[in-house]
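Undergrad: First the structure, which I've put down as structure tokens, then a few questions once you've had a look.
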Amino acid sequence: MRLAQHMSVASERVRSIVIEATEFPDLARAYRVMGVPKVVINDRVQFEGAVPEADFLGAVLRAVEAA
Amino acid sequence: MSILTERDRAAVRTELAKLAGPVKLVVFSQELVAGDLCRQNEALAREVAELDDRISVEVLNPAIDRERAAAYGVDQVPAIVVEGARDWGIRFYGIPLGYEFSNLIDAVVVASTGEPALDEATKASLQALAADVEIKVFSTPT
Chain A
133 MRLAQHMSVA
143 SERVRSIVIE
153 ATEFPDLARA
163 YRVMGVPKVV
173 INDRVQFEGA
183 VPEADFLGAV
193 LRAVEAA
Chain B
52 MSILTERDRA
62 AVRTELAKLA
72 GPVKLVVFSQ
82 ELVAGDLCRQ
92 NEALAREVAE
102 LDDRISVEVL
112 NPAIDRERAA
122 AYGVDQVPAI
132 VVEGARDWGI
142 RFYGIPLGYE
152 FSNLIDAVVV
162 ASTGEPALDE
172 ATKASLQALA
182 ADVEIKVFST
192 PT
């Protein structure tokens, strides 16, 4: 999921954490990871699978608006 | 025994030719929490660093280097922070092998260039963000 790390570089506001789900089962359970990649933004907006850049950005903006 | 094959090394060297400046892999290890995984993670970071002089590795123990771990916001081991001219906020929790290995190398390159491969409109939206954003990406090696 390269978009997340490129977004980190694009903005000081964005931090990205790639989490290896099998090494962190507690986190995977807490975030109900059933399939990968699973993206969770600000613990509010989430989706599974690869998405186009515009959709990923839309999810980021929704997560901020939901604050 | 090496983690990377000779074929991996050749492919990574080609990618690392794109580096535009130094990159530091800040590795978080804690023997008592996840010794085997932390040792593998550290070994992987060192194998990558051996492929290009511009890549360095620093190992921190969150139980000892508490202030620095807190400053990086890292609360898990094994972990890697990919830092370029500054800390861009790129973290990997767990050993980035398999599919995630190519993401690690991509992160190293973009951390060094500071030039994300994103549309201009996306960059403008991100630069205008009014709040902090944390993106967690759950992945598996295959």
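As you go down the protein sequences, you meet chains A and B in turn. If you read the first sequence in the working numbering, its first letter stands for residue 133, the second for the next number, and so on. If you read the second sequence in the working numbering, its first letter stands for residue 52, the second for the next number, and so on. All C-beta atoms in this analysis are idealised placements derived from N, C-alpha and C, irrespective of residue type, glycine included.
(1) Compare the C-beta of residue 140 (chain B) against all C-beta atoms of chain A and say whether one is closer than 7 Å.
(2) Please determine, among B:136, B:160 and B:191, the residue with the shortest C-alpha to C-alpha distance to residue 64 (chain B).
(3) Taking 7 Å as the threshold (C-beta atoms), are residue 93 (chain B) and residue 78 (chain B) in contact?
(4) Are the beta-carbon atoms of residue 76 (chain B) and residue 96 (chain B) separated by less than 7 Å?
(5) Could you list which residues in chain B have their beta carbon closer than 8 Å to that of residue 169 (chain A), in chain order?
(6) Under DSSP, the beta strand (DSSP E) around residue 144 (chain B) begins and ends at which residues?
(7) If the cut-off is 8 Å on Cβ atoms, which residues from the segment 135 to 152 of chain A count as contacting chain B, listed in chain order?
(8) Are the beta-carbon atoms of residue 144 (chain B) and residue 151 (chain A) separated by less than 7 Å?
(9) Might you give, ordered along the chain, the residues of its own chain that have their beta carbon closer than 7 Å to the beta carbon of residue 120 (chain B), omitting 5 neighbours on each side?
TA: Taking the coordinates as given:
(1) yes
(2) B:160
(3) In terms of Cβ geometry, residue 78 (chain B) and residue 93 (chain B) form a close pair [threshold 7 Å].
(4) Yes, the Cβ-Cβ distance between residue 76 (chain B) and residue 96 (chain B) is below 7 Å.
(5) 188, 189 and 190
(6) 138 to 144
(7) Taken in chain order, the members of the segment 135 to 152 of chain A whose beta-carbon sits within less than 8 Å of a beta-carbon on chain B are 135, 136, 137, 138, 139, 140, 141, 142, 143, 144, 145, 146, 147, 148, 149, 150, 151 and 152.
(8) yes
(9) Contacts found: 79, 111 and 113.
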